[in-house]
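Protein chains in written order, with this note's numbering: chain A, 1 to 141; chain B, 1001 to 1141; chain C, 2001 to 2141; chain D, 3001 to 3141. Ideal Cβ positions, reconstructed from N, Cα and C, are used throughout, including at glycine. Quantities reported herein were computed from a predicted structural model and do not represent experimental measurements. Comments concern the structure below.
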DNA sequence: GTGGTCTAGACCACA
DNA sequence: GTGGTCTAGACCACC
């Protein structure tokens, strides 16, 4: 998997990396136990400081997304046990609300938003009840 | 409308204010041309630095959410002309993707996410043509 | 509250700080919303690099022990909602086992260990069923 | 006795081995003068570097847990003379405190912790004079 | 070779 | 004044 950073994005570099790894895992582009590029390697190819890469990796490890094999490198962790439904709701709510506020603000209709979500959702690796709802689509054949 | 700030949220205070105003407008709690509390009033009632309030208002004015009538105060702007569909997509995409990544990461099914969005969407003031789709709910009459 | 670091301890400096803050909170020496020494302040008094202090604070913030008020400093967070009993068990088990292994290894009797635990437990701020068991004592009058 | 290593544990491999041997001895799964697998055998069965196994054995020998009979292999040492009570206290204290801090931090009550310790303690081979106290259980006959 | 820790010093955002 | 980010470069532990 390739990593890219855009200095103009406003987001700190290490966070851009964090997001890309998370996103890669969620999309199935990064499989469990797959090795990530080494800190030195990635820092050279992106022309950034090794510490910056290390920070991203460290943060991802603390969140259980990656794990380190001392002396060997950094690897993708297996998916951990899913959280409670209640906890999921709590954590997702602010993101959902933020999205809805933005959508309403720019005059987007609910149907349009649903369609957008539906389109994007096909790229991800959903688990659980794989029956995609009509609303947000999913790759129904 | 009441404003609240939570010191422990981590977000800069001025951003908390910005978010609350935007959210208030999107939810219809703040009507067009409604007057907002003055910088001095708000800074006193929240016990924060007036500069902080001013910064929030400035930013909101720059984005066309508020307008200032010199000597009279700050007011809620009427909704500006909706952006083109393409621009909406571009701006919404990162938020949608972020939401989907988080949802997948915590083992949420697509159906569960759709239901959550559907529930929250009833609070907002959607515009445009769309009858809210069955899927994502909305306040059907 | 005073902080101390011992270079000979083997533990990284930032972890020593992390432990001391956690311990201070658990002992009630650090009250909720109390301000901690600033990064620069603490780094000067301990004669260590500001980054090292910052790292400790950052880690504690990610764990919900501290929170940052941008521009104002770092503060002690209020206790968050307690975890499930099951989760508590899971997290405590390795520590308990490690303790028991060490104790057995050095020829400590179970009674002696219990007494030691009992003694130390009086310093902490327990919550929940405050009825201290005979085994581990507590400050019964 | 079987050895297992988990690459994702974060702990260096040689330490995982050290811990397992120590734990095995404390639990009575490894008897005095029992022979351990050779460096070569173990490194092959675990698919790890022989140096890593050697390091673990060396460390355990240094601590008097194992002894080497040149040409014959590595064996479990008999329990050495117990340390003085004072030394035991000094070495156990940090572990005890760490455990208590964690327990308090996650809202565990003292009774709950005592119960947990009591349960786990039955697996170990306690020595010394002590009838296990009622409080912390142990395998009463 | 791998990552982890620490130092030094710069620059920016927030209040 | 506060903390947050990034760079540069050093040293150590692990395999």
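Chain B within 8 Å of residue 2091 of chain C, Cβ atoms only:
With 8 Å as the cut-off, residue 2091 of chain C does not count as an interface residue toward chain B.
Cβ contact (3+ pairs, closer than 8 Å) linking the stretch 1074–1091 of chain B and the stretch 101–108 of chain A
yes
Under DSSP, the alpha helix (DSSP H) around residue 62 of chain A begins and ends at which residues?
50–62
Would you list the one or two residues that DSSP bridges to residue 3073 of chain D?
D:3069
By the 10 Å Cβ neighbour count, where 16 or more other Cβ atoms means buried, how is residue 1084 of chain B classified, buried or exposed?
exposed
At least one CB of chain A closer than 8 Å to the CB of residue 1125 of chain B: is that the case?
True, the Cβ-Cβ gap to chain A drops below 8 Å.
Could you give the distance in angstroms between the alpha-carbon of residue 3025 of chain D and the alpha-carbon of residue 3013 of chain D?
One C-alpha to the other measures close to 19 Å.
Minimum C-alpha distance to residue 1039 of chain B - residue among B:1123, B:1075, B:1022:
B:1075
Could you please give the first and the last residue of the uninterrupted alpha helix (DSSP H) stretch that includes residue 3094 of chain D?
Run containing residue 3094 of chain D: 3085–3105, per the alpha helix (DSSP H) assignment.
First and last residue of the uninterrupted alpha helix (DSSP H) at residue 10 of chain A:
Careful: residue 10 of chain A lies outside any alpha helix (DSSP H) and carries neither H nor E.
Whole-number beta carbon distance between residue 3029 of chain D and residue 2997 of chain D, since they are thought to touch under 8 Å:
Coverage of chain D is limited to positions 3001 through 3141, which leaves residue 2997 of chain D absent and any answer about it impossible.
Under 7 Å (Cβ pairs) to chain C, residues found in the stretch 1004–1037 of chain B:
1007, 1008, 1010, 1012
Quick check: is the beta carbon of residue 2100 of chain C nearer than 8 Å to any beta carbon in chain D?
yes
DSSP beta-bridge partners for residue 2035 of chain C?
Per DSSP, the beta bridge partners of residue 2035 of chain C are C:2075.
Can you give the beta carbon distance from residue 3098 of chain D to residue 2095 of chain C, rounded, assuming they're within the 8 Å contact cut?
That pair is a contact at about 7 Å.
Consult DSSP for residue 1028 of chain B and reduce its assignment to one of helix, strand or coil.
coil
Quick one: is residue 2101 of chain C buried, meaning 16 or more other Cβ sit within 10 Å of its Cβ, or exposed?
buried
For a cutoff of 8 Å on Cβ pairs, would you count residue 2002 of chain C as touching chain D?
Interface criterion not met: the Cβ of residue 2002 of chain C is under 8 Å from no Cβ in chain D.
Of the residues that make up the stretch 2076–2088 of chain C, which ones have a beta carbon closer than 9 Å to any beta carbon in chain D?
Residues 2079, 2080, 2081, 2082, 2083, 2085, 2087, 2088.
Please check if any C-beta of chain B sits within less than 8 Å of the C-beta of residue 2067 of chain C.
yes
Note the first and the last residue of the continuous alpha helix (DSSP H) segment covering residue 3120 of chain D.
3110–3121
Hey, does residue 3072 of chain D have any beta-carbon neighbour from chain C nearer than 8 Å?
no
For residue 2021 of chain C and residue 2046 of chain C, which I take to be in contact (beta-carbon distance under 8 Å), what is that distance rounded to the nearest angstrom?
Incorrect: roughly 13 Å between the Cβ atoms, too far for contact.
For residue 1002 of chain B, the nearest candidate out of B:1011, B:1023, B:1008 (CA to CA):
B:1023
For residue 1056 of chain B, count neighbouring Cβ atoms within 10 angstroms of its own Cβ and tell me buried if that reaches 16, exposed if not.
buried
Thinking residue 81 of chain A and residue 67 of chain A are a contact (beta carbons under 8 Å), I'd like their distance in whole angstroms, please.
Incorrect: roughly 16 Å between the Cβ atoms, too far for contact.
Using the Cα positions of residue 1015 of chain B and residue 2037 of chain C, report the straight-line distance between them to the nearest angstrom.
26 Å
Against chain D, with Cβ distances strictly below 8 Å, would residue 2121 of chain C count as a contact?
yes
8 Å Cβ cutoff met for residue 1110 of chain B and residue 121 of chain A:
yes
Rounded separation between residue 3004 of chain D and residue 3043 of chain D - CA only:
11 Å
Residue 1047 of chain B, DSSP secondary structure in three states:
coil
Could you have a look at residue 1139 of chain B and say whether DSSP puts it in helix, strand or coil?
Any reading at residue 1139 of chain B must be qualified, since the residue scores a pLDDT of 42, below 50, and its modelled position is unreliable; the value itself is stated next. Coil, per DSSP.
So with CB distances below 7 Å, who are the chain B contacts of residue 42 of chain A?
Those do not exist, as residue 42 of chain A stays about 20 Å from chain B at its closest Cβ, beyond 7 Å.
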